[in-house]
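The working numbering puts the first residue of the sequence shown at 24, with every later residue one more than the last. Ideal placement from N, C-alpha and C gives every residue a C-beta, glycine not left out. Predicted model only: the values in this text are computed from it and were never measured.
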Amino acid sequence: MVRVRFAPSPTGELHVGGARTALYNYLFAKHNNGKFLLRIEDTDKERSREEFTYGIFEGLKWLGLIWDEEVVYQSKRLEIYKEYAYQLVSENKAYFDYYNAQEWEEVKEKYIPKDIPINEKKHIERNLILEPPNGYKHIKQRGIGAIRLFVEDGMLISFEDKIRGKIEILSDYINDIVILRSDGTPTYNFAVVIDDHFMEITHVIRGDDHISNTPKQILIYNAFDWKIPEFAHLPMILGKDKKKLSKRHGALSVLEYKNMGILSEALFNFLALLGWSPKDNREIISKEEMIRIFKIEDVNSSPAVFDIDKLLWMNSEYIRMKDERELLILLKEKDNKYDEQKLLNCIRLLKTRVKTLNEFFEFGDYFLSEDFKVDKQAFEKLINEKTLNYLSLLYERYKAVQEWKKENLEIILRSLANELNIKPAEIIHPLRIVVSGKTVGPSLFELLETLGKEVVLNRINKALEMHL
Ligand code: GLU
C-alpha cells in the first residue's frame, strides 16, 4: 500500500511551495488508494513555534488536504532517535565526535591544509576525531558528544528519482554524516530516515532542495539494512522574473490567500498546475478528476512559474461556477453583519465581475449599506449644476414610476435625454456615481432595479440636497 507524508518544519507559515508539496503527496496517495500522513518536524526548539503548527493544520484543512492518521511530532520521538544512533555506535557503524564547536574550528585550522580535495579532507577529519591530536586527547573522556556515521569510500550511491531520473554520487565525496548532535537531538537526515522507516513510507515526495540529502539518507537506510523508499523531487517554484519566489511576486501563505478571498478550490487547482498538467491542456480541473489522472511521473523537472494573475483568473472562474447560495455562505463567513438579501443582490450582480470574495464587499459596498465609498475625484468631475439639474428632473419622473423595472427605468432616462437634447450618457454617468459612488459596475438599470425605488430616490435626493 502506498504511504506518503508531508513533513513541514513549523518554523513559518504554510506557503505556496509547502502547500504544493502537500498537495502532490495527497494526489499521489489518493490516486493509488494509499495514505497521506502528516509529520511535524519540530526538533529545532529555537525556531519551531506552536502557532505555526496550527497554521499548517488550518491551511491544510482549508485546502481539503486531510491527513489519514494521527500527526507524528518529531519532538516527541527524541529518545527513539538516540536509541538508534547508539545502536549504530555499538555496531561500529558510527562513532563519537567529542569536540565542541570552538575546538573543532581550532583543530581544523591547525591540521587541515586549505584547498585539499573533499575526498581527502574527509579522511583527515575522521582521523582527527578518532585520534585527537596532542592538547585535545582529554576530550575523549567526556563521554558525551555528537555521533557520526562512517561513510566508506568506493560506493556508488544511486537512486531513480521519479521526476529527475537516475541520480548518482560516489560515497568518497560524502563526509561522515552527523546523525546526533552533542545535545542529543537528531539531525534532519537521521530523524527523517528513522521516521520514514517506522511510518512505513513508500514514496518520499518533497522539494528538490532535498536532492543532496537523499544519498545521505540512503546511507543511513543501508546502515540499518532497511528498505529504501522511492523518491520524487519536485521542481522549484520561481517568480515570473525567474527569480526566487517571494512576497513581491504575490506569493503569500495559504491562510493569507483565504483572507484575501481566494476560494480553496481555486488555490487547489492553481497549486496543482505548478509543475504538473493534464496532457490535454485543460486548466480548470476538479479535485476528483485530478485524483483520477495524477501521475507523479508527469510532474515537470524544470522550475514552475508562479503567476498571481493566473490565480486571480482561476478564482474568478471558480466564483462564477458557484451558485449564489454557496457564495452567500462564504461571504457570511467573512462578514456576518449584512442583510442576506442585500448580500444576494450584491452576489447576483457582481458574480461575473469579481476576482476574489473580498471584491464583493469592495466593489459592491453600495448594495450593502448607505455608507459606501465614493470616488471623490469622479464625483467632482461628474456632478455640477447642469448634471444635478438632469438628476432632479429624473428624480421627479422616477418618483412617479409604478413598476420599478429596469426596462421602464431605461426608457424614462432615455426619453428624458431625448427631450433635453443630450446624450443619455450625460445622465447615466452622474446617476451611477450618485447611486453607487463608482464609475464602473454592473448594468446601471439592473443596478437601479436591484437597489429598489426608495434607495435610489434617497441617494439622488441626498446628492441634490448636498449641492443645491
Ligand atoms: N522538514 C523538511 C522540510 O520542511 C522535510 C523534508 C522532507 O520531506 O524530507 O523541508
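Identified DSSP bridge partners for residue i
i    : result
R28  : L60
P209 : L203
E191 : S181
D67  : According to DSSP, D67 bridges with nothing at all.
V95  : R62
A169 : D120
K267 : L261
A255 : I228
H38  : S276
V328 : L261
Residue j beta carbon less than 8 Å from that of residue i
i    : j    : result
F317 : L50  : yes
G230 : L203 : no
P140 : I192 : no
F390 : V377 : no
L179 : I200 : no
K185 : I314 : no
I63  : I217 : no
E311 : L372 : no
L101 : A45  : no
E363 : L351 : yes
D358 : F384 : yes
V227 : F254 : yes
Y47  : V322 : yes
A246 : S205 : no
K145 : I135 : no
V174 : N142 : no
L13  : A42  : Here the chain has residues from 24 to 491 only, and residue 13 is not among them.
Y122 : V130 : yes
Alpha carbon of residue i to alpha carbon of residue j, nearest angstrom
i    : j    : result
R271 : L261 : 12 Å
K160 : V112 : 20 Å
R437 : K429 : 12 Å
H38  : Y107 : 33 Å
L367 : R343 : 14 Å
N444 : L480 : 24 Å
L411 : A486 : 8 Å
L439 : E419 : 11 Å
G538 : Y211 : Coverage of the chain is limited to positions 24 through 491, which leaves residue 538 absent and any answer about it impossible.
I435 : Y421 : 8 Å
D303 : S324 : 19 Å
V478 : I285 : 31 Å
K476 : Q400 : 27 Å
E74  : F29  : 18 Å
L334 : L275 : 12 Å
N282 : P33  : 21 Å
E449 : C369 : 26 Å
K99  : T208 : 11 Å
N431 : V424 : 8 Å
R165 : N150 : 18 Å
I162 : P252 : 38 Å
L467 : I451 : 8 Å
K404 : K461 : 12 Å
F80  : A327 : 25 Å
S459 : L471 : 10 Å
E128 : K265 : 38 Å
I234 : L354 : 43 Å
V463 : D398 : 10 Å
K409 : T375 : 34 Å
E306 : K365 : 33 Å
E223 : I243 : 16 Å
> Whose CB is closer than 6 Å to a heavy atom of ligand 1? List the residues in chain order.
Replying inline: Checking every Cβ against the heavy atoms of ligand 1 under 6 Å gives A30, P31, S32, E64, V215, R229, H233.
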